[in-house]
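Chemist:
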Amino acid sequence: MIDLRILRDNPDRVRASQRARGESAELVDSLLVADERRRAAIAAADALRAEQKKSSSAVKQASPEERPQLLVQAQELAARVKVAEVAQTQTQVELTQAQLAISNVIEDGTPPGGEDDYVVLREVGVKPELERVRDHLELGELLGAIDTERGAKVSGARFYYLTGVGALLQLALLQAAIEQAVSAGFTPMITPTLVKPEVMGGTGFLGTHSDEVYRLEADDLYLVGTSEVPLAGYHMNEILDLANGPKRYAGWSSCYRREAGSYGKDTRGILRVHQFDKVEMFVYCAPEDATQEHQRLLAAEEDMLAKVELPYRVIDVAAGDLGSSAARKFDCEAWLPSQGRYREVTSTSNCTQYQTRRLNIRYRDTDGRSMPAATLNGTLATTRWIVAILENHQQPDGSVRVPKGLQPYLGGREVFEPQR
RNA sequence: GGAGGCUUCGCCUAGUCUGGUUUAUGGCGCCCGCCUGCUAAGCGGGUUUGGGGCUUAUACCCCAUCCCGGGUUCAAAUCCCGGAGCCUCCGCCA
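Numbering (this note's numbering), first residue to last: 14 to 433.
Here it is in structure tokens:
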């Protein structure tokens, strides 16, 4: 949700942000009008309420003979108050709608444009030179690590089983992520994966991407697509004490995505699936610290990628591909030998105060005033990493080298051997 | 699934039966000041959260806020209806 003060003081900045995203700048003017109308309605209703209070206490103190006369006046006022309150509510609803329609104001430096207008910040690591490339599913089947056929039999397309070393690899990967996060001062969390509409909406996932989200109609609950959602909801309606620095959480959860609109895309293997596991970093901090925290999250992601020895690049995502909540987003994309290109394995967003205004999460600034906090999130490891790990560390015989950073979490194992 | 109890400004709590002198009581904690070799104690004051107005800002004024949402009434913490959460008991169950 957009800050009305920023909007009033600097509407051009919001207009520019909307244009860079390829979204409507006219929404800014609708919002300004809605803001004006709401304030007028509040002033009118407040004045009537004040009058009514006086009138009411006059009734209370009146002598029996003046009482009937005063009662009539009071009754008439009560009716007018009722009308004014309906108008006030209406303008409030319109304001909120106009406010929700505008995406977060992008951070300075964000590349303008759409999905393909990202800027590559750096490439790290060495791509493997392979004579014969097996893709992750072929490798996964050789190792007895991935079973998509039975996944489809039991649950449908885009479901899978991780079996044997596949299951162990995921546990090792996520455990390594948790350990890294804990030693960096993050609080590990295992979160709910079903959340209420207000939480799903508050994090910004019920906007243009709402058809990506699973909904349980009978219970009016949503399955989360990332633990960002329950971690953002964790402090909903609270005032945080950030005097000792940001609150940093690392959430481990299953994630569920409908993948609507991606029919035919990435249908092979487990690159794009309906359910996966993820360790996600989530930070609450003062707005002035957000940009710096964002860099820390990105650095943590790169540490993890180094641990599993993946070649990757970092991209600065363009404005039009940020989603409504993010003001800036950096993705790390790992090299996939089977595709000969980079694919997203992490994503870190600075959501500034966009989510906390919706979720009513504040902190005390240095003057003791309560202000919306900033939130950020970033991926530390997901099931998808298995794809890149298998493909980049494959050997000619179909075995897969276990990266050093994961060996301690796999009982010291150095290689996964094909089963016959 | 059934029955009952509870929810008040950080924490605890009075007030709810019997609607209006309640701008919600008191204690603890916290903040400011006074007193005092120091500390403690004592004394005085302050301390919900939003919104609006007026301001350079502070101050000040107004409105809302007693779990949430409706309703009755000139007037609701208080009465009525619906919902949520917590606790206790019963039933069922991996």
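Beta carbons: idealized from backbone N, C-alpha and C, even for Gly.
Since the model is a prediction, treat every value here as computed from it, not as a measurement.
Secondary structure at Gly157, three-state DSSP: helix, strand or coil?
Modeler: In this structure, Gly157 counts as coil in the three-state DSSP scheme.
Chemist: Quick check on Val96: buried or exposed, where buried means 16 or more other Cβ atoms within 10 Å of its Cβ?
Modeler: Classification of Val96: exposed, given that the 10 Å Cβ count is below 16.
Chemist: Would Lys260 be called buried (16 or more neighbouring beta carbons within 10 Å of its own) or exposed?
Modeler: Classification of Lys260: buried, given that the 10 Å Cβ count is 16 or more.
Chemist: Asn257: which of Glu120, Leu155, Arg21 and Tyr376 sits nearest, CA to CA?
Modeler: Of the listed residues, the one whose Cα sits closest to Asn257 is Tyr376.
Chemist: If you drop the 5 nearest sequence neighbours on each side, which residues of the same chain put their C-beta closer than 8 Å to that of Leu83?
Modeler: Only Ser68, Ala71, Val72 and Ala75 meet the Cβ criterion.
Chemist: Quick check: the Cα distance between Ala29 and Ala57, rounded to an integer number of angstroms?
Modeler: About 34 Å.
Chemist: Express the C-alpha separation of Asn23 and Val428 in angstroms, rounding to a whole number.
Modeler: Approximately 58 Å, taken between the alpha carbons.
Chemist: Starting from Thr388, follow its DSSP beta bridges and name the residues at the other end.
Modeler: Per DSSP, Tyr297.
Chemist: Cβ atoms of Trp398 and Leu186: under 9 Å apart, would you say?
Modeler: In contact: Leu186 and Trp398 (Cβ atoms closer than 9 Å).
Chemist: Apart from the five residues just before and just after Arg370, which ones in its own chain have a Cβ nearer than 6 Å to its Cβ?
Modeler: Within the same chain, Arg370 has close Cβ partners Met14 and Pro385.
Chemist: Could you name the residues of the same chain whose beta carbon sits closer than 6 Å to that of Glu120, not counting the 5 residues immediately before and after it, in chain order?
Modeler: Same-chain partners within the cutoff: Ala340 and Arg341.
Chemist: Is the separation between the beta-carbon of Met294 and that of Leu389 shorter than 9 Å?
Modeler: Cβ atoms of Met294 and Leu389: closer than 9 Å.
Chemist: Run through DSSP, which three-state label would Met202 get?
Modeler: Residue state, collapsed to three classes: strand.
Chemist: Val331 to Ala33, Cα distance in whole Å?
Modeler: The sequence shown places Ala at residue 331, rather than the Val named in the question. Cα to Cα, Ala331 sits roughly 9 Å from Ala33.
Chemist: Excluding the 5 residues preceding and the 5 following Arg420 in the sequence, name in chain order all residues of the same chain whose CB lies nearer than 7 Å to its CB.
Modeler: The identity of residue 420 in the sequence shown is Gln, whereas the question assumes Arg. Result list for Gln420: Arg426 and Glu427, in chain order.
Chemist: Counting along the chain, where does the beta strand (DSSP E) carrying Glu346 start and finish?
Modeler: Glu346 -> beta strand (DSSP E) spans Arg341 to Leu349.
Chemist: Tell me the residue span of the alpha helix (DSSP H) that contains Gly264.
Modeler: Run containing Gly264: none in the alpha helix (DSSP H); it sits in the beta strand (DSSP E), Lys260 to Tyr269.
Chemist: If you scan the region 370-420 from start to end, which runs of the beta strand (DSSP E) of 3 or more residues do you find wholly inside it?
Modeler: DSSP runs (the beta strand (DSSP E)) wholly in the region 370-420: 374-377, 383-385 and 387-395.
Chemist: Check Lys291 in the structure and name its three-state DSSP category.
Modeler: Of the three classes helix, strand and coil, the one that applies to Lys291 here is strand, per DSSP.
Chemist: Determine, using beta-carbon pairs with one atom in the region 237-249 and one in the region 273-281, whether at least three such pairs fall under 8 Å.
Modeler: With the cut-off at 8 Å, the region 237-249 and the region 273-281 do not touch.
Chemist: Identify every run of the alpha helix (DSSP H) within the region 144-196, keeping only runs that are complete inside it and at least 4 residues long; order them along the chain.
Modeler: With a minimum length of 4 residues, the continuous alpha helix (DSSP H) runs that stay inside the region 144-196 are 149-155, 161-168 and 178-196.
Chemist: Measuring straight from C-alpha to C-alpha, what distance separates Glu430 and Asn373?
Modeler: Answer to the nearest angstrom: the Cα atoms are 52 Å apart.
Chemist: Mapping the DSSP letters down to three states, classify Val327 as helix, strand or coil.
Modeler: If DSSP states are grouped into helix, strand and coil, Val327 belongs with the strands.
Chemist: So Thr44 and Ala111 are supposed to be a Cβ contact under 8 Å. How far apart are they, rounded?
Modeler: Sequence check: residue 44 is Leu here, not Thr. Between Ala111 and Leu44 the Cβ distance is about 4 Å, and since that is below 8 Å, they are a contact.
Chemist: Report the residue ranges of all alpha helix (DSSP H) runs contained in full by the region 56-117; include only those spanning at least 4 residues, in chain order.
Modeler: Within the region 56-117, the complete alpha helix (DSSP H) runs of at least 4 residues are 80-113.
Chemist: Using only alpha-carbon positions, find the residue among Ser240, Lys166 and Ala263 that is nearest to Tyr434.
Modeler: This structure gives no information on residue 434, because the portion of the chain shown stretches from 14 to 433.
Chemist: Which residue's Cα is closest to the Cα of Arg326: Gln305, Ser338, Thr304 and Leu349?
Modeler: Of Gln305, Ser338, Thr304 and Leu349, the residue nearest in Cα terms is Leu349.
Chemist: Straight-line CA distance for Gly445 to Leu61?
Modeler: Any answer about residue 445 is impossible in this case: the structure gives the chain only from 14 up to 433.
Chemist: On the three-pair Cβ rule with 8 Å, is the region 399-415 touching the region 143-161?
Modeler: A contact exists between the region 399-415 and the region 143-161.
Chemist: Per DSSP, which one or two residues make a beta bridge with Asn23?
Modeler: The partner list for Asn23 (beta bridge, DSSP) is empty, contrary to what the question assumes.
Chemist: Is the beta carbon of Cys345 sitting closer than 9 Å to the one on Leu311?
Modeler: Yes, the pair counts as a contact, with Cβ atoms nearer than the cut-off.
Chemist: Apart from the five residues just before and just after Ala38, which ones in its own chain have a Cβ nearer than 7 Å to its Cβ?
Modeler: Excluding positions up to five away in sequence, the list reads Arg28, Gln31 and Arg32.
Chemist: Which of the three DSSP states, helix, strand or coil, is assigned to Tyr422?
Modeler: The answer is helix: DSSP assigns Tyr422 an H, G or I state.
Chemist: Please name the residue in Cys298, His406 and Ile159 whose C-alpha comes closest to that of Gly138.
Modeler: The residue with the shortest Cα to Cα distance from Gly138 is His406.
Chemist: Which residues bound the alpha helix (DSSP H) around Thr304?
Modeler: Thr304 -> alpha helix (DSSP H) spans Ala303 to Lys320.
Chemist: Quick check on the DSSP output: the alpha helix (DSSP H) that includes Glu357 runs from which residue to which?
Modeler: First-last for Glu357: Arg354 to Asn363, but that is the beta strand (DSSP E), not the alpha helix (DSSP H).
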